[in-house]
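**Student:**
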Amino acid sequence: MFTQNSPDWGLAVDWSTGQRVPAKARRRPQWSPPPVPGILPKRPLGFFEVLDGGFRLMRRFPGLTYGSAGLGAGLTAGLFALAGAVTWYFGHSFFTKLLNSSEEALSGLSFVVQIGAGIVEYLTLAILIVFSGMTSVGAREAFFGRTMTLRQGWQSLRGCRRKLFSAALLMGTAHLVVLAVFLAAAILAGAVGGTVIGLTLGTALVLVWWAATIFFGIRLSLTGCIIAQERAGIFSAIARSWKMTGRGFLQVAGQTVFGFWLANQVIGIIATPAFIYLGGVIGVLSILMLGGGELEGPAVAAVLGTIFTGLFLAIGVLLYAYRAALLATVYFNLRMRSEGYDLVLLAEAEEV
12 MFTQNSPDWG LAVDWSTGQR VPAKARRRPQ WSPPPVPGIL PKRPLGFFEV
62 LDGGFRLMRR FPGLTYGSAG LGAGLTAGLF ALAGAVTWYF GHSFFTKLLN
112 SSEEALSGLS FVVQIGAGIV EYLTLAILIV FSGMTSVGAR EAFFGRTMTL
162 RQGWQSLRGC RRKLFSAALL MGTAHLVVLA VFLAAAILAG AVGGTVIGLT
212 LGTALVLVWW AATIFFGIRL SLTGCIIAQE RAGIFSAIAR SWKMTGRGFL
262 QVAGQTVFGF WLANQVIGII ATPAFIYLGG VIGVLSILML GGGELEGPAV
312 AAVLGTIFTG LFLAIGVLLY AYRAALLATV YFNLRMRSEG YDLVLLAEAE
362 EV
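Add 11 to a position in the sequence shown, counting from 1, and you land on the number used in this note's numbering.
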């Protein structure tokens, strides 16, 4: 009934004919070294591991993260400088009369400038779509311990660069249009019902716009990563980002908001000594310039203004580099948690 002939154990039976058919020879897999551990682990990440993943990507890919953010910050600063120069050239006399008219006008202009700076800060978050898409390319290489330069990252985005910039432009334009509608409603209410009603409604609508910007910014924050990694269209990427961030929204929101806040605090601690030093330099130079010529004051002010501008640009580069790296880490973590993407990464690592 049973056979002890060892060759028979390698045979298979064709049950339709009852004949024995030799089984296909199986090659025993050869030994290979285990996959090289990556900068990011190939498994779902915890809350603080996601936050740390952003800093890891910055250390691993300084050219890709700092380089892309630096180019974006430089271009944005150039555009705003050009806009400011044009505004000052054509409205110099108006602003001079306004500032010399009364202290209330000066305080009102300062308030408007502060509100405008906050609005611009939120509008520039749209460019994170491009930065996060480029950083996600390097983040995927980080799972396998590989590196990537800024040039390699730019080349890997061939075929989806236009989509990334178009998506960023679409997001920024949509936020700006909504804000313009809210401000127009506030101005109309002020013209009809009085200044108090206009200011109250305008403040309320700006707060609503601010909250909506945060909410929709979180829900659509993965659009750039999806375009770069999955080669999806703009609206398909927006829909997929909305769906992905809908699963565990509170966790995604906590990681994003806390990560942005943490980056601000860390970079603020780093930059504080520089600001203190520059403040002391300004105080000493102000005392020395009391007896100086007419040209020394403007020259020193221009130099110090340039230094402060460069320092603020450096802070902006660090912030945007970390934000982009954090969004890329959040994207891959969500895919590993909900789609088993860690198994894909493990299989690819074994093949390599």
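The beta-carbon is built from N, C-alpha and C at its ideal position, and this holds for glycine as well.
So, at 7 Å on beta carbons, what are the nonlocal neighbours of G65 in its own chain, with the 5 sequence-adjacent residues on each side left out?
**Tutor:** G270, Y333, A336, L337, T340
**Student:** What does the alpha-carbon distance come out to for the pair E362 and R346?
**Tutor:** Rounded to the nearest angstrom, the gap between the Cα atoms of E362 and R346 is 21 Å.
**Student:** Distance check for T320 and G235, CA to CA, integer angstroms please.
**Tutor:** Here the C-alpha atom of G235 lies approximately 29 Å from the C-alpha atom of T320.
**Student:** Would you say L161 reaches chain B, if we count a Cβ-Cβ gap shorter than 8 Å as a contact?
**Tutor:** Going by chain labels, chain B is absent from the structure shown, which holds only one protein chain.
**Student:** To which residues of the same chain is F286 closer than 8 Å at the C-beta, ignoring the five residues directly before and after it?
**Tutor:** L322
**Student:** Quick one: what's got a C-beta closer than 7 Å to R37's C-beta in the same chain, skipping five residues either side?
**Tutor:** With a pLDDT of only 46 at R37, under 50, the local geometry of the prediction cannot be trusted, and no value is derived from it.
**Student:** Assign Y288 to buried or exposed, taking buried as 16 or more other Cβ atoms, counted over all protein chains shown, within 10 Å of its Cβ.
**Tutor:** exposed
**Student:** Thinking just about the alpha-carbon of each residue, which of V217, G265, I326, S167 is nearest to the one in A195?
**Tutor:** V217
**Student:** Can you grab the Cα-Cα spacing for the pair G252 / L233, in whole Å?
**Tutor:** Here residue 252 turns out to be Ser, not Gly, going by the sequence shown. Approximately 5 Å, taken between the alpha carbons.
**Student:** Taking 7 Å as the limit between beta carbons, can you name the residues of its chain near F154, skipping five residues before and five after?
**Tutor:** So the qualifying residues of the chain are G49, L51, K53, L356.
**Student:** Quick one: complete alpha helix (DSSP H) runs, 4+ long, within the stretch 165-247?
**Tutor:** 172-204, 206-230, 234-241
**Student:** Go to R67, then tell me how far its alpha helix (DSSP H) extends in each direction, as first and last residue.
**Tutor:** 58-71
**Student:** How about S79 and M182: do their beta carbons lie closer than 8 Å?
**Tutor:** no
**Student:** Is the beta carbon of Q276 closer than 8 Å to that of F58?
**Tutor:** no
**Student:** Taking the C-alpha atoms as reference points, what is the distance between L56 and R348?
**Tutor:** 8 Å
**Student:** Can you tell me whether DSSP reads I249 as helix, strand or coil?
**Tutor:** In this structure, DSSP gives I249 a helical state, which the three-state scheme calls helix.
**Student:** What residue from L210, A239, G204 has the CA that sits closest to L168's CA?
**Tutor:** A239
**Student:** Are F366 and W221 close, meaning C-beta to C-beta below 8 Å?
**Tutor:** Here the chain comprises residues numbered 12 to 363, so residue 366 is not present and cannot be evaluated.
**Student:** Please state the DSSP three-state secondary structure of K254.
**Tutor:** Look at K254 here: in three-state DSSP terms it is helix.
**Student:** If we ignore side chains and look at the alpha-carbon of each, how far apart do I208 and V189 end up?
**Tutor:** 20 Å
**Student:** My guess is that L68 and A137 are in contact by the Cβ rule of under 8 Å, so how many angstroms apart are they, rounded?
**Tutor:** The Cβ separation is near 21 Å, so there is no contact.
**Student:** Look at L75 and L161 and say whether their C-beta atoms are less than 8 Å apart.
**Tutor:** yes
**Student:** What does the Cβ neighbour count give for A191, buried or exposed, with the cut at 16 atoms within 10 Å?
**Tutor:** exposed
**Student:** Using alpha carbons as the reference points, say which of I245, L354, R70 lies closest to G156.
**Tutor:** The residue with the shortest Cα to Cα distance from G156 is R70.
**Student:** Helix, strand or coil: how does DSSP classify R162 here?
**Tutor:** When secondary structure is reduced to three states using DSSP, R162 falls in the helix class.
**Student:** Quick check: the Cα distance between G351 and T135, rounded to an integer number of angstroms?
**Tutor:** 33 Å
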